[in-house]
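Numbering (my numbering), first residue to last: 163 to 353.
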Amino acid sequence: MKKQTHKEQEPVLEADPFQSKENEVADGLPETPETPVNEAEKEVQRLTQELAAKNDAFLRLTAEYQNYRRRVEKEKQELIKFGNEKLVVDLLKVLDNFDRALSAVDYDCEENKNLISGIEMIRKSLNDLLNDYGVQSIEAVGQIFDPVLHHAVMTEAAEGVAPETILDEFQKGYTLNQKVIRPSMVKVAAH
């Protein structure tokens, strides 16, 4: 066997310096859309956006549902609170009739005392029942006129009384759980 000398050894191929530069430049450039990696990234980005949109829609739907539940609960409470309003207004007419009966009776007559006592007990019982259900009378005489609570049917000039002061009450007003169900019909002092 013949020994190879240093010069006779197979030459080692060195990489082309220009080709390695091209590879480095190509690695720094963004990949073209046809490459599988870029398509996968786009798919991930699309799915991420779709998930974010679905999550946003879910959050909005959840918020709408919570608002709906609150609204229904409030309506239910209002129904419980004011559901018997029509019945109460009708019962107020009966209470007014008791007041009319008491105002028409002669209190000085000895024979009427038992009748007056019976009417007053029935009126008090009805009034207490209405109070238990949240019905309160509206104070009027001597108060300053409030268009929310009072309905002025007359005005009258009165000396020594401040303007807009209620002088007389023709029909008692009532509230049901702080809601005016019947304003007081009143006479008001003129300016």
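Where is the CB? At the ideal position from N, CA and C, for every residue including glycine.
Asked: Host beta strand (DSSP E) of residue 338 (start-end); Found: 335–338
Asked: Exposure label - residue 262; buried when at least 16 CB within 10 Å; Found: exposed
Asked: Whole alpha helix (DSSP H) elements within the stretch 238–302, 4-residue minimum; Found: 247–266, 275–294
Asked: Endpoints, beta strand (DSSP E) assigned at residue 343; Found: 341–344
Asked: Cβ neighbours of residue 293 in the same chain (closer than 8 Å, five flanking residues each side left out); Found: none
Asked: Burial state of residue 357, where buried means 16 or more other Cβ atoms lie within 10 Å; Found: A question about residue 357 goes unanswered here, because the residues of the chain that appear run from 163 up to 353.
Asked: According to DSSP, residues forming a beta bridge with residue 312; Found: 346
Asked: Burial state of residue 312, where buried means 16 or more other Cβ atoms lie within 10 Å; Found: buried
Asked: Straight-line gap, residue 338 to residue 258 (C-alpha atoms, nearest Å); Found: 16 Å
Asked: Minimum Cβ-Cβ distance from residue 287 to chain C less than 8 Å; Found: You won't find chain C in this structure, because it holds only one protein chain.
Asked: Integer Cβ distance of residue 329 from residue 321, believed to fall under 8 Å; Found: The pair is not a contact, with the Cβ atoms about 12 Å apart (cut-off 8 Å).
Asked: DSSP state of residue 318 mapped onto helix, strand, coil; Found: strand
Asked: Per-residue burial, residue 302 [other beta carbons within 10 Å of its own, 16 or more giving buried]; Found: buried
Asked: Assumed close pair residue 336, residue 298 - CB separation to whole angstroms, cut-off 8 Å; Found: 7 Å
Asked: Cβ shell of residue 281 (< 8 Å), same chain only, five flanking positions each side left out; Found: 260, 263, 264, 267
Asked: Residue 353 Cβ short of 7 Å to the ligand ADP heavy atom set; Found: This structure simply doesn't include the ligand ADP, nor any ligand for that matter.
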